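Colleague:
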Amino acid sequence: MPKQGKGMRCKYASNDMAKAVAQVQLGNLSIRKAAETFNVPRSSLHDHISGRMEVHATPGKRTVFPAEVEHLLQTC
1 MPKQGKGMRC
11 KYASNDMAKA
21 VAQVQLGNLS
31 IRKAAETFNV
41 PRSSLHDHIS
51 GRMEVHATPG
61 KRTVFPAEVE
71 HLLQTC
């Protein structure tokens, strides 16, 4: 079986995505126009608005424990 690549990472700032989501939710811009204005992918913006992704989500698998417990486990 061939080795799979790492995939693509986002090439936009998370604060740009947050601004775009806010403008669409306020009704000031459409998804397409907000994606153009803030230079974020339209499909990713749609995912954030529909709730499939969190705005400040980190890539990768979700952790089993909350962030505080993970931090305690790493420092022990």
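Counting along the sequence shown from 1, when you hit position 36 you're at 36 in UniProt numbering, and nothing is skipped either side. Glycine residues also receive a C-beta, built at the ideal position from the N, C-alpha and C atoms. Note that the structure is predicted; figures quoted are calculated from it, not measured.
Measuring straight from C-alpha to C-alpha, what distance separates residue 2 and residue 53?
Modeller: 29 Å
Colleague: Short of 7 Å in beta carbon distance, which residues of its chain neighbour residue 29, apart from the five on each side in sequence? Order them along the chain.
Modeller: Residues of the same chain with a CB within less than 7 Å of the CB of residue 29, apart from the 5 flanking positions on each side, are 23, 37 in chain order.
Colleague: Expressed to the nearest angstrom, what Euclidean distance is found between the alpha-carbon atoms of residue 50 and residue 18?
Modeller: Between residue 50 and residue 18, the C-alpha separation is close to 14 Å.
Colleague: For residue 69, is the classification buried or exposed, using 16 other Cβ atoms within 10 angstroms of its Cβ as the cut-off for buried?
Modeller: exposed
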